[in-house]
């Protein structure tokens, strides 16, 4: 790939394909969320939407006996996902496929669990909850993380960043109300700790950014991309008391 042909999406993929996670999170938090689902032996079919390379999916695989389908738009992520499933000897029941979370290729009432870490805000929290519900069995669980306001005070810098990156953030209370209105009973909602951002995402991403800069020296697109990443991390450090990712877990009525 010629440097002059690089796009921001190329850089996002190249940076993140080697990371365990493509956004804030941690194995401990995935397990914490899983702990709210009750009898895990009742989960036979699960989907992880916008699964990335499957960091969280492999945690699910090691703690569920279910067949798990991971879905992501990026073929490079899915290649790593399936390789990771093979490394864990889980390829017979954990499978990644290329697909769009806005156009799910599944049957109605197919899943006991729908999981999505760090992506539902890309299509809108309310839209995701409503669109995905028909693929979930009655009594099945949905578990998603979504960036949310921790308070009614909204720093303009943060609001602008997230409005440009995805749908605008909402408060935890409003998101819980949306989940209930969409036809779910609330099981739990809890914020992700700071370590999910700093050690599990920003740190590894900064290392990948450095390698990218060395690979594509004096490339304006790369320089701009890395500056955006630095700004996102700086903004979080400055305003982390106002916003963060929150795990929302519900059960379909």
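In this note's numbering, the protein residues as written are 472 to 724.
Even for Gly, the Cβ is constructed at its ideal location relative to N, Cα and C.
The segment 491 to 506 makes no contact with the segment 558 to 576, as fewer than three CB pairs between them are under 8 Å.
For residue 486, same chain residues with a beta-carbon under 7 Å away, outside a window of 5 residues either side, are 676, 679, 680, 683 in chain order.
Contact annotation: the segment 577 to 595 touches the segment 507 to 518, with at least three C-beta pairs closer than 8 Å. In its chain, beyond the 5 residues on either side, 569 have a beta carbon closer than 8 Å to the beta carbon of residue 546. In this structure residue 588 is buried. Its beta-carbon is surrounded by 16 or more other beta-carbon atoms within 10 angstroms. In terms of Cα proximity to residue 525, the closest of 612, 555, 533 is 555.
When rounded, the separation of the alpha-carbon atoms in residue 693 and residue 686 is 10 Å. The beta carbons of residue 724 and residue 656 sit closer together than 8 Å. Where residue 648 is concerned, the enclosing alpha helix (DSSP H) starts and stops at 643 to 652.
Excluding the 5 residues flanking it on each side, residue 696 has same chain C-beta neighbours closer than 7 Å at 479, 482, in chain order.
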